[in-house]
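Residue numbers (our numbering): 58 to 400. See structure below.
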Ligand SMILES: [Zn+2]
Ligand SMILES: [Zn+2]
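Laid out in structure tokens, this is it:
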């Protein structure tokens, strides 16, 4: 059966089409995708005409599936292994990796030239993954084995939303036990921040969102309040001028604002420098929670299995790959935490 994938062919032109998937090269693996979450970043890629990826682009970056083939020199992975695909991998060679900071790698590896349109043109997979597809090829370091008991429909969320949210708390911010935490934007990433804050032992977790349904929903994931108040950490999952400014305003003395969301091109915010100084505030950017797939996915999967991390309640909508367009619509206008698509 031919492979298929959702391709951004030209600005504004997205379609599910037949694609060609080559065998994996040295150090690469071919994965049959069983489930893929629909993340805002894919919409961002469409709206920003590729968001730096050369067109044509294969969408999707939050996938789980089964290894079908491994390339030469791949150790520790074999056909039949169930894996989550990670986009925030490390090359081991760039300046950050050389400094012992693989979580800040500047050049995550790409399995280049393995995916094509039917006419042979190379497809660039979003964030080096390309999971809105029946199969994809990724560097072996991007495929992380997960326990057989964790269903792919839940496991795929570890690949982006959950890793980003939970690790923003544990790695980027290093939230301490007893801290007061605020979260602006309570979609899949925001709810993952809330769950991460719960795991970290935060004493107060304030869920802030313009949508009252989302604030109420957040209480089921561990939020303790749904109104603003002074906090030690604010996570801005939305990243618009208003949320950034609101976040800064909530910080207690010595507090940290963590910017997680992707702002649209040209977005700016105003910072009152004297207030920043008086509060000794810190502003840090979380790049996907600075997660490292092979270190973090196994512990996140274990927390999901032992009940400390609720993945099941985050999957509120499912569909087939050819329903990608409705999934984007619902993400923008409907009340959904995560849509997961299956081929
Ligand atoms: Zn690197
Ligand atoms: Zn994502």
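All C-beta atoms in this analysis are idealised placements derived from N, C-alpha and C, irrespective of residue type, glycine included.
For my contact list, residue i and residue j are in at a C-beta cut-off of 8 angstroms; report their separation, rounded to the angstrom.
{"i": "residue 308", "j": "residue 294", "result": "No, residue 308 and residue 294 are not in contact; Cβ-Cβ is about 16 angstroms, not under 8 angstroms."}
{"i": "residue 193", "j": "residue 78", "result": "7 angstroms"}
{"i": "residue 190", "j": "residue 218", "result": "Actually they do not touch by this definition, with Cβ atoms about 19 angstroms apart."}
{"i": "residue 116", "j": "residue 138", "result": "24 angstroms between Cβ atoms; not a contact."}
{"i": "residue 225", "j": "residue 346", "result": "4 angstroms"}
{"i": "residue 256", "j": "residue 281", "result": "Not confirmed; about 14 angstroms, so no contact."}
{"i": "residue 207", "j": "residue 92", "result": "That belief does not hold up - the Cβ atoms of residue 207 and residue 92 are roughly 11 angstroms apart, past 8 angstroms."}
{"i": "residue 85", "j": "residue 178", "result": "Contact flag wrong, Cβ pair sits at about 20 angstroms."}
{"i": "residue 378", "j": "residue 180", "result": "With 8 angstroms as the limit, residue 378 and residue 180 do not qualify as a contact, their Cβ atoms being about 15 angstroms apart."}
{"i": "residue 174", "j": "residue 95", "result": "Actually they are not in contact, since the Cβ atoms of residue 174 and residue 95 sit about 22 angstroms apart, beyond 8 angstroms."}
{"i": "residue 120", "j": "residue 90", "result": "5 angstroms"}
{"i": "residue 349", "j": "residue 97", "result": "In fact, because the Cβ distance is near 22 angstroms, the residues do not count as touching under 8 angstroms."}
Given this structure, state the Cα-to-Cα distance separating residue i from residue j, to the nearest angstrom.
{"i": "residue 184", "j": "residue 198", "result": "14 angstroms"}
{"i": "residue 114", "j": "residue 147", "result": "22 angstroms"}
{"i": "residue 211", "j": "residue 369", "result": "6 angstroms"}
{"i": "residue 304", "j": "residue 233", "result": "19 angstroms"}
{"i": "residue 59", "j": "residue 302", "result": "49 angstroms"}
{"i": "residue 124", "j": "residue 268", "result": "40 angstroms"}
{"i": "residue 227", "j": "residue 131", "result": "30 angstroms"}
{"i": "residue 247", "j": "residue 265", "result": "9 angstroms"}
{"i": "residue 109", "j": "residue 127", "result": "29 angstroms"}
{"i": "residue 286", "j": "residue 277", "result": "20 angstroms"}
{"i": "residue 251", "j": "residue 240", "result": "7 angstroms"}
{"i": "residue 392", "j": "residue 270", "result": "8 angstroms"}
{"i": "residue 259", "j": "residue 313", "result": "14 angstroms"}
{"i": "residue 273", "j": "residue 339", "result": "29 angstroms"}
{"i": "residue 142", "j": "residue 155", "result": "24 angstroms"}
{"i": "residue 101", "j": "residue 387", "result": "15 angstroms"}
{"i": "residue 201", "j": "residue 88", "result": "11 angstroms"}
{"i": "residue 150", "j": "residue 344", "result": "19 angstroms"}
{"i": "residue 235", "j": "residue 395", "result": "29 angstroms"}
{"i": "residue 342", "j": "residue 318", "result": "9 angstroms"}
{"i": "residue 330", "j": "residue 182", "result": "40 angstroms"}
{"i": "residue 398", "j": "residue 118", "result": "12 angstroms"}
{"i": "residue 322", "j": "residue 298", "result": "12 angstroms"}
{"i": "residue 326", "j": "residue 238", "result": "22 angstroms"}
{"i": "residue 66", "j": "residue 112", "result": "6 angstroms"}
{"i": "residue 231", "j": "residue 253", "result": "10 angstroms"}
{"i": "residue 158", "j": "residue 204", "result": "27 angstroms"}
{"i": "residue 176", "j": "residue 75", "result": "10 angstroms"}
{"i": "residue 62", "j": "residue 186", "result": "12 angstroms"}
{"i": "residue 33", "j": "residue 220", "result": "Any answer about residue 33 is impossible in this case: the structure gives the chain only from 58 up to 400."}
Relative to ligand 2, is the shortest distance from any of its heavy atoms to the C-beta of residue i smaller than 7 angstroms?
{"i": "residue 119", "result": "yes"}
Using DSSP with H/G/I as helix, E/B as strand and the rest coil, what is residue i?
{"i": "residue 388", "result": "helix"}
{"i": "residue 82", "result": "coil"}
{"i": "residue 352", "result": "helix"}
{"i": "residue 159", "result": "helix"}
{"i": "residue 94", "result": "strand"}
{"i": "residue 202", "result": "strand"}
{"i": "residue 298", "result": "helix"}
{"i": "residue 189", "result": "coil"}
{"i": "residue 328", "result": "coil"}
{"i": "residue 310", "result": "strand"}
{"i": "residue 218", "result": "helix"}
{"i": "residue 70", "result": "strand"}
{"i": "residue 179", "result": "strand"}
{"i": "residue 170", "result": "coil"}
{"i": "residue 289", "result": "strand"}
{"i": "residue 101", "result": "helix"}
{"i": "residue 121", "result": "strand"}
{"i": "residue 226", "result": "helix"}
{"i": "residue 284", "result": "coil"}
{"i": "residue 248", "result": "helix"}
{"i": "residue 75", "result": "strand"}
Consider the C-beta atom of residue i and the heavy atoms of ligand 1; say whether any pair is separated by less than 7 angstroms.
{"i": "residue 147", "result": "yes"}
{"i": "residue 243", "result": "no"}
{"i": "residue 163", "result": "yes"}
{"i": "residue 156", "result": "no"}
{"i": "residue 150", "result": "yes"}
{"i": "residue 153", "result": "yes"}
Any heavy atom of ligand 4 closer than 7 angstroms to the Cβ of residue i?
{"i": "residue 160", "result": "As presented, the structure is devoid of ligand 4, carrying ligand 1 and ligand 2 as its sole ligands."}
If we define contact as Cβ-Cβ less than 8 angstroms, is residue i a contact residue for chain D?
{"i": "residue 297", "result": "The chain labelled as chain D is not found in the depicted structure, where only one protein chain is given."}
Beta carbon nearer than 5 angstroms to a non-hydrogen atom of ligand 2
In chain order, the qualifying residues are 96, 98 and 217.
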